[in-house]
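Report on the following structure.
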């Protein structure tokens, strides 16, 4: 699949990017190079290869899923400039 100047112009418009007309041709060449590299990667045989999240094999750390009510209201609002009954008080911003 080759990308032409019209496609680059359309993608730039959809992405809300503004590019000069003299730069569109070079961008088309760069995007075609990227797509060519992706096509080259698609030729690699990966059958039997499991997906990885990292190059280093390590177990995922787990913790107990314990439900708590938090009970940290005083700690949370301790540095607030103004509170009422455990809630933050902020200035009104909507008229």
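In the working numbering, the protein residues as written are 241 to 335.
Glycine residues also receive a C-beta, built at the ideal position from the N, C-alpha and C atoms.
So, using beta-carbon positions, are residue 252 and residue 275 closer together than 9 angstroms?
no
CB contact flag (residue 243, residue 272, <9 angstroms)
yes
Please report the residue range of the alpha helix (DSSP H) in which residue 253 lies.
245 to 254
Starting from the C-beta of residue 357, find all residues in its chain whose C-beta is less than 7 angstroms away, skip the five residues before and the five after it, and write them out in chain order.
As shown, the chain starts at 241 and ends at 335. That puts residue 357 outside it, with no answer to give.
Buried or exposed: residue 248, going by 16 or more other Cβ atoms within 10 Å of its Cβ?
buried
Straight-line CA distance for residue 310 to residue 257?
46 angstroms
Just the C-alpha distance for residue 277 and residue 285, rounded to the nearest angstrom, thanks.
15 angstroms
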